[in-house]
Amino acid sequence: MKFNLKQILQLFLFMLLVILCFQALLLLFPPEGFSLLSPYRLLGGFVVCNVILYHNLSFNRYFRTLKNYFRYFAILSLSLLISWGALYLLSNPGSAFSGSAVNLLPSFAVVIFFFVSGLLMNKIYLNMAGKGNYLENQVIMKQLELDHLKNQLNPHFLFNSLNNVAATMQVDTELALNYIYTLSSLLRYQVESSDKESVTLAEENFFIESFLGIEEVRLGDRCDLSFDSEISNSGERIPPMLLQPFVERAIRQSNCLSSKAVIKIHLQEKDKELFLFTKGTIPSNAPKVQSNGIGIENAVRRLEMFYPSSHRIIHQQVNGFFETSLFIDLKSYKRIS
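Residue 1 is where the sequence shown starts when you use my numbering, and the numbers rise one by one after that.
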């Protein structure tokens, strides 16, 4: 069994409080022949302390696990009664059944009263400490989960970008070089922002503009792609690369490689309210989308972590277009670390 030094010190302080309170009562109402430094009285206090300490170290883990308060209290009370009775017999030989033995009961009742009070205070402390540990563990788990989501997002974005480079190389080598330079800037932003919990809206807006610039070059005349943004406070902060999966999904669903498509993306921030709107053509022969993909699933999970109950996502099909509206209350941003 491993003993916690902090818990042992707390028990000693509690037992010292019990003895001091008991001695204070004896000073206020001293019995006949009372002596504060009586060897038997000091020995009695020592025995009481050790009985309480032994029971807490030996049975406290069962007490906290089984929640059997009555059994724990009964065992400890019986141990204290036996110990106190033995001390009384040693200090008063031959008077075990005399009338003076009744004087033992008030003293024992006082000890039990202070012990129960201390036990309740200790229980309250343990509950508060348990809640604190629970919240701390929750923060650690959220941070680990967030790191896991970022690690999934990075390879996902890189994989799609490399596919875009390969496709562009087959059409125009010089254009592919410019594509690679722009992609390098995007990856640099991704690497630098991956260690941050949040970035400014200006940084995220620039990232989306650069990403769409690459996509526009890759798709060429096969896609009519437009993007506009209205940001009143560019210093507002959001988790990095939170919006990009929704933009990428609009392009992927429009299937620009097989038919002419129209894609419109609008980003707006006003009074700490963020609104992202994407609209893309639904191809006539488009198969039913079975999955949102890793990027969208991770983005939704991150929204739930950073903006719980403070975001809305609306998907709908209107007149041959697939529309997605994302609303985020930036005032409700919840820090993870």
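Every residue, glycine too, gets a C-beta built ideally from N, C-alpha and C.
Distance, residue j Cα to residue i Cα
i: residue 233; j: residue 240; result: 17 Å
i: residue 254; j: residue 182; result: 23 Å
i: residue 284; j: residue 161; result: 27 Å
i: residue 278; j: residue 315; result: 10 Å
i: residue 179; j: residue 171; result: 12 Å
i: residue 224; j: residue 262; result: 5 Å
i: residue 271; j: residue 200; result: 15 Å
i: residue 295; j: residue 185; result: 20 Å
i: residue 247; j: residue 194; result: 19 Å
i: residue 216; j: residue 249; result: 15 Å
i: residue 322; j: residue 230; result: 22 Å
i: residue 305; j: residue 213; result: 30 Å
i: residue 320; j: residue 202; result: 32 Å
i: residue 174; j: residue 220; result: 15 Å
Residue i Cβ short of 7 Å to the ligand GDP heavy atom set
i: residue 328; result: No copy of the ligand GDP occurs in the structure displayed, which carries no ligand at all.
Run of the alpha helix (DSSP H) containing residue i, from where it starts to where it stops
i: residue 193; result: 173 to 194
i: residue 252; result: 244 to 254
Burial state of residue i (16 or more Cβ within 10 Å)
i: residue 280; result: buried
i: residue 298; result: buried
i: residue 166; result: exposed
i: residue 340; result: Here the chain has residues from 1 to 337 only, and residue 340 is not among them.
i: residue 204; result: buried
Beta-carbon proximity list for residue i, same chain, < 6 Å, skipping 5 on both sides
i: residue 311; result: 303 and 328
i: residue 164; result: 218
i: residue 176; result: 168 and 169
Given residue i as reference, the closest of the options once Cα atoms are compared
i: residue 309; options: 175, 171, 187 and 300; result: 300
i: residue 189; options: 262, 176, 206 and 173; result: 206
i: residue 252; options: 282, 266 and 277; result: 282
i: residue 235; options: 261, 274, 320 and 324; result: 274
i: residue 228; options: 216, 220, 243 and 209; result: 209
i: residue 276; options: 204, 319, 324 and 305; result: 324
i: residue 307; options: 326, 318 and 322; result: 326
i: residue 335; options: 169, 187, 168 and 196; result: 196
i: residue 330; options: 268, 187 and 318; result: 268
i: residue 226; options: 318, 173, 265 and 313; result: 265
Start and end residues, beta strand (DSSP E) containing residue i
i: residue 214; result: It is not in any beta strand (DSSP E) - residue 214 instead sits in the alpha helix (DSSP H) that spans 201 to 219.
i: residue 265; result: 261 to 270
i: residue 334; result: That residue, residue 334, is in no beta strand (DSSP E); it is neither H nor E in DSSP.
i: residue 280; result: 273 to 281
i: residue 317; result: 311 to 318
Nonlocal neighbours in the same chain, by C-beta distance under 8 Å from residue i, ignoring five residues either side
i: residue 198; result: 237, 238, 239, 240 and 333
Beta-carbon proximity list for residue i, same chain, < 7 Å, skipping 5 on both sides
i: residue 260; result: 222
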